[in-house]
Amino acid sequence: MQIPPQPPDDDHSDENQDDLVNKVYGPSQSDIDRSWEGYNTGGGGQRIGGLIWKVTIAVVSIVILASMSLGILGPLLGGSSSPEQEIPERVTAEVLRVIDGRTIVVNAGYGERTVRLIGVGAHAFGDPFYSFGQEVTQSWLNGKQVLLEADAQDADDQGRLMRYVFLEEVMINAAFILNGLAEQETQQPNVRYDAYLDAMESQARESGVGIWDSSFGSQTEADDSQALNRLPTVEGPSAS
Numbered sequence: 001m002q003i004p005p006q007p008p009d010d011d012h013s014d015e016n017q018d019d020l021v022n023k024v025y026g027p028s029q030s031d032i033d034r035s036w037e038g039y040n041t042g043g044g045g046q047r048i049g050g051l052i053w054k055v056t057i058a059v060v061s062i063v064i065l066a067s068m069s070l071g072i073l074g075p076l077l078g079g080s081s082s083p084e085q086e087i088p089e090r091v092t093a094e095v096l097r098v099i100d101g102r103t104i105v106v107n108a109g110y111g112e113r114t115v116r117l118i119g120v121g122a123h124a125f126g127d128p129f130y131s132f133g134q135e136v137t138q139s140w141l142n143g144k145q146v147l148l149e150a151d152a153q154d155a156d157d158q159g160r161l162m163r164y165v166f167l168e169e170v171m172i173n174a175a176f177i178l179n180g181l182a183e184q185e186t187q188q189p190n191v192r193y194d195a196y197l198d199a200m201e202s203q204a205r206e207s208g209v210g211i212w213d214s215s216f217g218s219q220t221e222a223d224d225s226q227a228l229n230r231l232p233t234v235e236g237p238s239a240s
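Structure (structure tokens):
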């Protein structure tokens, strides 16, 4: 399994924890305010309590710091504990629009192409997290320049490019899962960062954020216990 490489001349060891947290982008305050509207009613698995939306304010710093202690921050920031590893090719693209939480349309210099984020699970249309995930991705990426990294399979059967998406060194695939906005989904043969994304889901479960918030009611305590027990040991930069 390849570890995400460290970009040249970019040493995160000299950065303090606040600097690292500030590099992870979340929804704007307007996104947070809108998320309260219409999401505090309903029943069963579709009920989303107010506690879930604290993820948009606080979970990034909480989970980032927890991840630092586990040594799994590296992939989120595109870093590596092994500077000798070859850096995968990353292509610059402009995000033209957002289709849903894990699907964007970009221009990488050869016309518009649809890009699907590798490893990010889907929510059914009409699920509250489908709409919220779309808003989050819109806030993070729309109109921004990003870097696209391919894996073993270039495109899916519908012609969408399969990519890891980086915004100023932050792997958006990982940040989306880490914030509890989707489950990790293994998509063979694109498994370069599969262990990292799985670790991000486990950390989100442990932190009880997003879809893993108990007020959402879609996951059982047994599921959460199993998730904690399967948290892998992932090499990465130390917390110091």
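Numbering-wise, the UniProt record's numbering puts 36 at position 36 of the sequence shown, and it's gapless, one number per residue. By construction, the Cβ of each residue, glycine as well, lies at the ideal position given by its N, Cα and C atoms.
Do residue j and residue i have their beta-carbon atoms positioned less than 8 Å apart in this structure?
{"i": "glycine 119", "j": "glutamate 185", "result": "yes"}
{"i": "alanine 182", "j": "methionine 200", "result": "no"}
{"i": "valine 98", "j": "threonine 137", "result": "yes"}
{"i": "proline 189", "j": "alanine 152", "result": "yes"}
{"i": "leucine 148", "j": "alanine 108", "result": "yes"}
{"i": "glycine 208", "j": "serine 202", "result": "no"}
{"i": "valine 165", "j": "leucine 197", "result": "no"}
Below 8 Å on the Cβ atoms is my guess for residue i versus residue j; work out the distance and round it to an integer in Å.
{"i": "isoleucine 104", "j": "valine 95", "result": "5 Å"}
{"i": "tryptophan 212", "j": "isoleucine 172", "result": "Actually they are not in contact, since the Cβ atoms of tryptophan 212 and isoleucine 172 sit about 19 Å apart, beyond 8 Å."}
{"i": "valine 115", "j": "leucine 161", "result": "5 Å"}
{"i": "valine 146", "j": "alanine 93", "result": "6 Å"}
Using C-beta distances below 6 Å, list every residue in its chain close to residue i, excluding the 5 sequence neighbours before and after it, in chain order.
{"i": "glycine 133", "result": "Gly101, Leu181"}
{"i": "aspartate 194", "result": "Thr186"}
{"i": "glycine 121", "result": "Ala182, Glu183, Glu185"}
{"i": "tyrosine 110", "result": "none"}
Once the 5 residues before and after residue i are set aside, which same chain residues still bring their CB inside 7 Å of it?
{"i": "glutamate 112", "result": "Leu96, Val105"}
{"i": "glycine 143", "result": "Val95"}
{"i": "alanine 124", "result": "Tyr130"}
{"i": "serine 30", "result": "Confidence at serine 30 is low in this model, with a pLDDT of 48, below 50, so the placement of that residue is unreliable and no value is reported for it."}
{"i": "aspartate 156", "result": "Arg116, Met162"}
Enumerate in chain order the residues of its own chain whose CB-to-CB distance from residue i is below 8 Å, with the five nearest sequence positions on each side excluded.
{"i": "aspartate 154", "result": "Leu161, Met162"}
{"i": "phenylalanine 176", "result": "Gly101, Arg102, Leu117, Val120, Gly133, Val136, Thr137, Ala182"}
{"i": "glycine 159", "result": "Thr114"}
{"i": "glycine 126", "result": "none"}
{"i": "glutamate 89", "result": "Glu149, Ala150"}
Would you check whether the ligand NAD has a heavy atom nearer than 7 Å to the C-beta of residue i?
{"i": "aspartate 127", "result": "Judged by which ligands are present, the structure shown has none, so any question about the ligand NAD falls away."}
So is residue i in contact with chain B if we call contact Cβ pairs under 8 Å?
{"i": "asparagine 142", "result": "Given the protein chain composition of this structure (a single chain), no chain B is represented."}
- request: Could you tell me which uninterrupted alpha helix (DSSP H) segments, each at least 4 residues in length, are contained entirely in the UniProt domain "TNase-like" (89 to 214), listed from first to last along the chain?
  value: 128 to 141, 172 to 178, 194 to 207
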